[in-house]
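Residue numbers (the UniProt record's numbering): 1 to 135. Each residue gets a CB set at the ideal place from its N, CA and C atoms; glycine is no exception. Just below is one structure, and these are the notes that go with it.
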């Protein structure tokens, strides 16, 4: 068995299969914390890489610039960790109702008696309330 590669290892194709570094993962986590979604995070990251020396090379390196599918996966994991499972939003709203009320946000949730899986939520913020009062 030979331990030497018989091809060029730093081609764009080879670099596109590299695993993202922990530093890159942390950078994207911070983008998500700052309110960016997957597409905006990827674009912002590419713009930052373009500004660096040899940025055009770094853009092709998946260890530094992960593919969109990876960023979307990270976003789903981050979102679930931060906000919980989104398969049952009604339960999450019920959990948060007291917290919102303490902040001055009115939240009311109504379900349809014939089919409890159908529901509606009314949210009134202090700003909305002031605007309504002034008209």
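Considering residue 42, what are the terminal residues of the alpha helix (DSSP H) in which it resides? Locating residue 42 in the chain shown gives position 42, counting from the first residue. Unbroken alpha helix (DSSP H) run through residue 42: 38-50.
What three-state label does DSSP hand residue 171 in the structure shown? Examination of residue 171 is not possible in this model, given that the chain is present from 1 through 135 alone.
DSSP has residue 119 in a bridge; who is on the other side? Residue 119 sits at position 119 when you count from the first residue of the chain shown. Answer is 111.
Taking residue 140 as the reference, which of 70, 93, 49 has the closest Cα? Here the chain covers residues 1 to 135 and nothing more, so residue 140 does not appear.
Using DSSP bridges, identify the partner residues of residue 57. The sequence position of residue 57 within the chain shown is 57, counting from 1. DSSP lists no partner for residue 57.
One question on the structure: do residue 111 and residue 118 come within less than 8 Å of each other, judged by their Cβ atoms? Here residue 111 is taken as the residue at index 111 of the chain shown, counted from 1. Here residue 118 is taken as the residue at index 118 of the chain shown, counted from 1. Between residue 111 and residue 118, the CB-CB gap stays under 8 Å.
With C-beta atoms as the reference, is residue 74 less than 8 Å away from residue 21? The residue given as residue 74 occupies position 74 in the chain shown. The residue given as residue 21 occupies position 21 in the chain shown. The answer is no: Cβ separation not under 8 Å.
Length of the line joining the Cα atoms of residue 136 and residue 28: One cannot answer for residue 136 here, as it falls past the ends of the chain, which runs 1 to 135.
Distance, residue 54 Cα to residue 115 Cα: Working through the chain shown from its first residue, we reach residue 115 at position 115. Working through the chain shown from its first residue, we reach residue 54 at position 54. Residue 115 and residue 54: Cα-Cα distance of roughly 59 Å.
Between the Cα of residue 130 and those of 106, 86, 32, spot the shortest distance and give me the residue it belongs to. Here residue 130 refers to the residue found at position 130 when the chain shown is read from its first residue. Closest by C-alpha distance to residue 130, out of 106, 86, 32, is 106.
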